[in-house]
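Colleague:
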Amino acid sequence: MSSAATPHVTAGVPQPRDTPARRISVFLSQHARVRLGLLLTAPLFWLGLVYVVALAALLITAFWTVDSFTGQVRTEFTLDNIITVVTGSLYQTVTLRTVGVALLVTVIDIAIALPVAFFMAKVAGPRLQRILVIAVLMPLWASYLVKAYAWRSVLAEGGVVDWMTAPFGGSSPGYGLPAVVITLSYLWLPYVILPIYAGLERVPDSLLEASSDLGAKTWRTMGSVVMPMLWPSIIAASIFSFSLSLGDYITVNIVGGANQLLGNLVYTNVGAANNLPLASAIALIPVAIMIVYLTAARRSGALENL
Amino acid sequence: MTSVTPAIRLTALTKTFGEVHAVDNLDLDIAEGEFFSMLGPSGSGKTTVLRLIAGFELPTSGTVELQGQDVTRRAPFDRDVNTVFQDYALFPHMTVLDNVAYGLRVRGVGKKERRERAEAALASVALAGYGGRKPTQLSGGQRQRVALARATVVQPKVLLLDEPLGALDLKLREQMQVELKELQRSLGITFIFVTHDQEEALTLSDRIAVFNQGRIEQLGTPREIYEHPQSPFVASFVGTSNIFDAEQSQQLLGMPGSRSIRPEKITLHPPGSAAAKGSISLEGTVVEAVYVGTATRLLVELASGKRISVLEQNVSSRSEDDRRGDAVRVQLAASDLVSLDPVPANTATS
Numbered sequence: 001m002s003s004a005a006t007p008h009v010t011a012g013v014p015q016p017r018d019t020p021a022r023r024i025s026v027f028l029s030q031h032a033r034v035r036l037g038l039l040l041t042a043p044l045f046w047l048g049l050v051y052v053v054a055l056a057a058l059l060i061t062a063f064w065t066v067d068s069f070t071g072q073v074r075t076e077f078t079l080d081n082i083i084t085v086v087t088g089s090l091y092q093t094v095t096l097r098t099v100g101v102a103l104l105v106t107v108i109d110i111a112i113a114l115p116v117a118f119f120m121a122k123v124a125g126p127r128l129q130r131i132l133v134i135a136v137l138m139p140l141w142a143s144y145l146v147k148a149y150a151w152r153s154v155l156a157e158g159g160v161v162d163w164m165t166a167p168f169g170g171s172s173p174g175y176g177l178p179a180v181v182i183t184l185s186y187l188w189l190p191y192v193i194l195p196i197y198a199g200l201e202r203v204p205d206s207l208l209e210a211s212s213d214l215g216a217k218t219w220r221t222m223g224s225v226v227m228p229m230l231w232p233s234i235i236a237a238s239i240f241s242f243s244l245s246l247g248d249y250i251t252v253n254i255v256g257g258a259n260q261l262l263g264n265l266v267y268t269n270v271g272a273a274n275n276l277p278l279a280s281a282i283a284l285i286p287v288a289i290m291i292v293y294l295t296a297a298r299r300s301g302a303l304e305n306l
Numbered sequence: 307m308t309s310v311t312p313a314i315r316l317t318a319l320t321k322t323f324g325e326v327h328a329v330d331n332l333d334l335d336i337a338e339g340e341f342f343s344m345l346g347p348s349g350s351g352k353t354t355v356l357r358l359i360a361g362f363e364l365p366t367s368g369t370v371e372l373q374g375q376d377v378t379r380r381a382p383f384d385r386d387v388n389t390v391f392q393d394y395a396l397f398p399h400m401t402v403l404d405n406v407a408y409g410l411r412v413r414g415v416g417k418k419e420r421r422e423r424a425e426a427a428l429a430s431v432a433l434a435g436y437g438g439r440k441p442t443q444l445s446g447g448q449r450q451r452v453a454l455a456r457a458t459v460v461q462p463k464v465l466l467l468d469e470p471l472g473a474l475d476l477k478l479r480e481q482m483q484v485e486l487k488e489l490q491r492s493l494g495i496t497f498i499f500v501t502h503d504q505e506e507a508l509t510l511s512d513r514i515a516v517f518n519q520g521r522i523e524q525l526g527t528p529r530e531i532y533e534h535p536q537s538p539f540v541a542s543f544v545g546t547s548n549i550f551d552a553e554q555s556q557q558l559l560g561m562p563g564s565r566s567i568r569p570e571k572i573t574l575h576p577p578g579s580a581a582a583k584g585s586i587s588l589e590g591t592v593v594e595a596v597y598v599g600t601a602t603r604l605l606v607e608l609a610s611g612k613r614i615s616v617l618e619q620n621v622s623s624r625s626e627d628d629r630r631g632d633a634v635r636v637q638l639a640a641s642d643l644v645s646l647d648p649v650p651a652n653t654a655t656s
């Protein structure tokens, strides 16, 4: 089979033409390192400059101060901002409140998402399954602001919640922390359902059948087979709802009444108070909390099979 | 079947998926301690029957009885049958020992006892010492054995096996066939074995049900199924057969009704040689010869244009190339020509 010496033998199939694009492809397929370099340069540039440098700038700024007379940022090293943030009772209270809201939102979302995702992945037929996936994704097409204001009107005095609960002697919780928890739970629910749904999809039906076959009733199967396999997905989902809640400040402004979360403090200090270094120091709080959270998740081994 | 209660009794069992009759009005008794195979092409309903017995599907109509008890509406965890799944369905987050002990744990067996019983079950499938591993660290054959140990450790009355050897390579499959048979003998429980591999079914089974389109096409011992197929479907699905339809058998064989004959029952002789007593001779030409190791498979074209397949032991030293084009006399013993026409039940075994 010396086809190279006798090209006319394969007359039926013309040889590919030697275009420049083809020569580049040949070169790249033979030089793995060049290929890797070309593929990674742009994303690494983005990650390095835009992401890491911005985070570093945040960290450095937190150790600077503001000249109270001119309002200019003075670039001399001081621990004052950090000390203020760590010891100030305002910051401690708001941090606890923010973590509490984020945890509550996460728990509520997971509690809602588990049955919904289970129905989608294991009960619904293929057609209903597609419809439900679209239904879960649909709210993401609408603007965040529109959804937050929609909840403002739903929770308003004389709004839908009032109207619906009035016959039973209830009333809307009004604007405040409960409203913030409700609205944030609504906003992040798709981000919690989808990872759990994807995790359930990866649990073969035969495992559920095997468990039942070996004598386990439904709840036992859930506890011994489904949940352990789903654990990484639940952690992944909780990272979304928890971190998104930690950084939110718009929803609080819209439905939170007079309450403030960490995001609001950052916002006020950047704007009205014109204290960028203090804002940076406050912004380090959620960063620190997330580092602790991710480390704990890693310790639990949940991140290994993500 | 009147005095002894069968291990499994299916009565008028029907399962439809939309318009499709996956299982169509099935009646079947499976005896205690039997190695029973359900053989058929994919989509013939054999797996659905297994899932109906296990309780993973509920029948559209009909009943499932387990040792005389109606279990039709019971959940899988309420039935004394266990399944070995096609994909083994081992729990990936548990060790091998925890997998095997799962059924005992669910039943509330104490830690020490379930450990001992699980280890004994692992030893019975030659996997002693593998308890600490995860299923992903095992080979396909080993996973298969873990699945067997997990299903048998809870001592079910009936073990259901859904194409358990399908994913294994030939050598391993043959080895596992022997082990399955030994396991069934030592446990003495009923095995219901689903397969599409006719050779596997013939090797292992006490009885075989050949499935086609949701119905049992034929039920019998391996010998009955192979030697006396009762329909063109069984004749062609189980092994290879030369089938003569009613017209051809009248014309060529001078016999009424459609007939079937196995390739290994046919002999080839030089043209014009004397025919044996009670046999039919047909003139033909060898059009293809293939060496298959233990034998040579020949395709002979008869004068009428019909082609028949012949399997000949390798006694001739002539090469396959040489034999193509040979004129031959094809000899078929009349007694080997099995009738494929439905016969009244009372004469079926004669």
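Going down the list, the sequences are from chains A and B.
The numbering used here numbers the first residue of the first sequence as 1 and each following residue consecutively.
The numbering used here numbers the first residue of the second sequence as 307 and each following residue consecutively.
Even glycine gets a Cβ: it sits at the ideal position worked out from N, Cα and C.
1. Taking only three categories from DSSP, how would you classify residue 321/B?
2. Closer than 7 Å, Cβ to Cβ, to anything on chain A: give me those residues from the segment 499-518 of chain B, in chain order.
3. Compute the beta-carbon to beta-carbon distance between residue 636/B and residue 574/B, rounded to the nearest angstrom, for a pair I have assumed lies under 8 Å.
4. Quick check: the Cα distance between residue 261/A and residue 407/B, rounded to an integer number of angstroms?
5. In the DSSP assignment, find the beta strand (DSSP E) that holds residue 493/B and state where it starts and stops.
6. Answer yes or no: does any C-beta atom of chain C fall closer than 8 Å to that of residue 124/A?
7. Whose CA, out of 645/B, 346/B, 330/B and 416/B, lies closest to the CA of residue 535/B?
8. Any idea what DSSP makes of residue 207/A, helix, strand or coil?
9. Just to confirm the assignment: which complete alpha helix (DSSP H) runs, minimum length 4, are found wholly within the segment 518-553 of chain B?
10. If I'm right that residue 607/B touches residue 591/B with Cβ under 8 Å, what's the distance once you round it to whole angstroms?
11. Against chain A, which members of the segment 409-436 of chain B pass a CB distance test of less than 7 Å?
12. Counting contacts by CB-CB distance shorter than 8 Å, is residue 389/B in contact with chain A?
13. May I have the straight-line CA-CA distance separating residue 330/B from residue 523/B, to the nearest angstrom?
14. At a CB-CB cut-off below 7 Å, which residues of chain A make contact with residue 362/B?
15. Evaluate contact between the segment 433-441 of chain B and the segment 391-401 of chain B, counting only Cβ atoms and requiring at least three cross-stretch pairs below 8 Å.
16. For residue 288/A, which residues of its own chain have a beta-carbon under 8 Å away from its beta-carbon, when the five flanking residues on both sides are left out?
17. Going along the chain, which unbroken runs of the alpha helix (DSSP H) with 4 or more residues stay wholly within the segment 379-420 of chain B?
18. Quick one: using the 10 Å Cβ neighbour count with 16 as the cut-off for buried, is residue 172/A buried or exposed?
19. Quick one: residues in its chain with C-beta nearer than 8 Å to the C-beta of residue 59/A, no 5 flanking neighbours on either side, listed in chain order?
20. I'd like to check one pair, residue 467/B with residue 495/B: are the Cβ atoms closer than 8 Å?
21. Since residue 410/B contacts residue 449/B with CB under 8 Å, what's their CB separation in whole angstroms?
22. Could you name the residues of the same chain whose beta carbon sits closer than 7 Å to that of residue 640/B, not counting the 5 residues immediately before and after it, in chain order?
23. For the structure I just gave you, are there three or more beta carbon pairs, one from the segment 380-387 of chain B and one from the segment 360-369 of chain B, closer than 8 Å?
24. Tell me which residue opens and which closes the beta strand (DSSP E) that residue 344/B is part of.
25. Can you look up residue 75/A in the DSSP assignment and give me helix, strand or coil?
26. If you measure between the beta carbons of residue 316/B and residue 333/B, is that distance less than 8 Å?
27. According to DSSP, is residue 653/B part of a helix, a strand, or is it coil?
28. Could you check the C-alpha separation between residue 394/B and residue 141/A for me, to the nearest Å?
29. Residue 191/A: buried (16+ other C-beta within 10 angstroms of its C-beta) or exposed?
30. For residue 201/A, tell me which candidate among 300/A, 16/A and 233/A has the shortest Cα-Cα distance.
31. Exposed or buried, which one is residue 323/B when buried takes at least 16 other CB atoms within 10 Å?
32. For a test of the three-state rule: what should DSSP assign to residue 259/A, helix, strand or coil?
33. Against residue 455/B, what residues of chain A qualify as contacts under a CB-to-CB distance less than 7 Å, listed in chain order?
34. Considering only DSSP beta bridges, list what residue 370/B is partnered with.
35. Among 538/B, 487/B and 461/B, whose alpha-carbon lies nearest the alpha-carbon of residue 518/B?
36. Tell me which residue opens and which closes the alpha helix (DSSP H) that residue 53/A is part of.
Modeller: Based on what the coordinates show:
1. Here residue 321/B is taken as the residue at index 15 of the second sequence, counted from 1. In this structure, residue 321/B counts as strand in the three-state DSSP scheme.
2. none
3. Your numbering for residue 636/B matches position 330 in the second sequence. Your numbering for residue 574/B matches position 268 in the second sequence. Confirmed, Cβ separation roughly 6 Å.
4. On the first sequence, residue 261/A is found 261 positions in, with the first residue counted as 1. On the second sequence, residue 407/B is found 101 positions in, with the first residue counted as 1. Near 50 Å, if we compare the C-alpha coordinates of residue 407/B and residue 261/A.
5. Along the second sequence, one-based indexing puts residue 493/B at 187. No beta strand (DSSP E) holds residue 493/B; the alpha helix (DSSP H) holding it covers 476-493.
6. Among the protein chains in the structure shown, which are A and B, there is no chain C.
7. The count along the second sequence starts at 1 and reaches residue 535/B at position 229. Nearest C-alpha to residue 535/B: 645/B.
8. Locating residue 207/A in the first sequence gives position 207, where the first residue counts as 1. It is helical.
9. 528-533 and 538-543
10. Residue mapping note: residue 607/B aligns to position 301 of the second sequence, counting from 1. Residue mapping note: residue 591/B aligns to position 285 of the second sequence, counting from 1. Sure, about 5 Å apart at Cβ, within 8 Å.
11. 409, 412 and 413
12. Mapped onto the second sequence, residue 389/B falls at position 83. So, interface residue.
13. Numbered from its first residue, the second sequence carries residue 330/B at position 24. Numbered from its first residue, the second sequence carries residue 523/B at position 217. The alpha-carbon atoms of residue 330/B and residue 523/B are separated by roughly 12 Å.
14. For the purposes of this step, residue 362/B is taken as the residue at position 56 of the second sequence. Going along chain A in sequence order, the residues near residue 362/B (Cβ under 7 Å) are 209.
15. yes
16. On the first sequence, residue 288/A is found 288 positions in, with the first residue counted as 1. Answer for residue 288/A: no residue qualifies.
17. 402-412
18. Within the first sequence, the letter at position 172 stands for residue 172/A. It is buried - the Cβ of residue 172/A has at least 16 other Cβ atoms within 10 Å.
19. The count along the first sequence starts at 1 and reaches residue 59/A at position 59. Once the five neighbours on either side are set aside, the close Cβ partners of residue 59/A are 280 and 284.
20. By 1-based counting over the second sequence, the position of residue 495/B is 189. By 1-based counting over the second sequence, the position of residue 467/B is 161. Contact: no.
21. Here residue 410/B is taken as the residue at index 104 of the second sequence, counted from 1. Here residue 449/B is taken as the residue at index 143 of the second sequence, counted from 1. So it is not a contact: roughly 20 Å between Cβ atoms.
22. Within the second sequence, numbered from 1, the residue matching residue 640/B stands at position 334. So the qualifying residues of the chain are 584, 585 and 586.
23. yes
24. Residue numbering aside, residue 344/B sits at position 38 when the second sequence is read from its first letter. Residues 341-345.
25. On the first sequence, residue 75/A is found 75 positions in, with the first residue counted as 1. DSSP places residue 75/A in coil when its eight states are reduced to three.
26. Taking the second sequence and counting its residues from 1, one reaches residue 316/B at position 10. Taking the second sequence and counting its residues from 1, one reaches residue 333/B at position 27. Yes. Within cutoff.
27. Stepping through the second sequence from its first residue, residue 653/B is reached at position 347. Its pLDDT being 44, under 50, residue 653/B is placed unreliably in this model, and the value from its coordinates should be taken loosely. If DSSP states are grouped into helix, strand and coil, residue 653/B belongs with the helices.
28. The residue you call residue 394/B lines up with position 88 of the second sequence. The residue you call residue 141/A lines up with position 141 of the first sequence. Cα to Cα, residue 394/B sits roughly 42 Å from residue 141/A.
29. Residue mapping note: residue 191/A aligns to position 191 of the first sequence, counting from 1. Flag for residue 191/A reads buried.
30. For the purposes of this step, residue 201/A is taken as the residue at position 201 of the first sequence. Of the candidates 300/A, 16/A and 233/A, the one whose C-alpha sits nearest the C-alpha of residue 201/A is 233/A.
31. Here residue 323/B refers to the residue found at position 17 when the second sequence is read from its first residue. Flag for residue 323/B reads exposed.
32. On the first sequence, residue 259/A is found 259 positions in, with the first residue counted as 1. Residue 259/A: coil per DSSP, three-state reduction.
33. Position 149 of the second sequence, counting from 1, holds the residue named residue 455/B. Under the 7 Å cutoff, chain A gives no residues; its nearest Cβ is about 12 Å from residue 455/B.
34. Here residue 370/B refers to the residue found at position 64 of the second sequence. Paired residue(s): 316/B.
35. On the second sequence, position 212 is the one that residue 518/B refers to. Taking only the C-alpha atoms, the option nearest residue 518/B is 538/B.
36. Along the first sequence, one-based indexing puts residue 53/A at 53. Counting along the chain, the alpha helix (DSSP H) containing residue 53/A begins and ends at 53-61.
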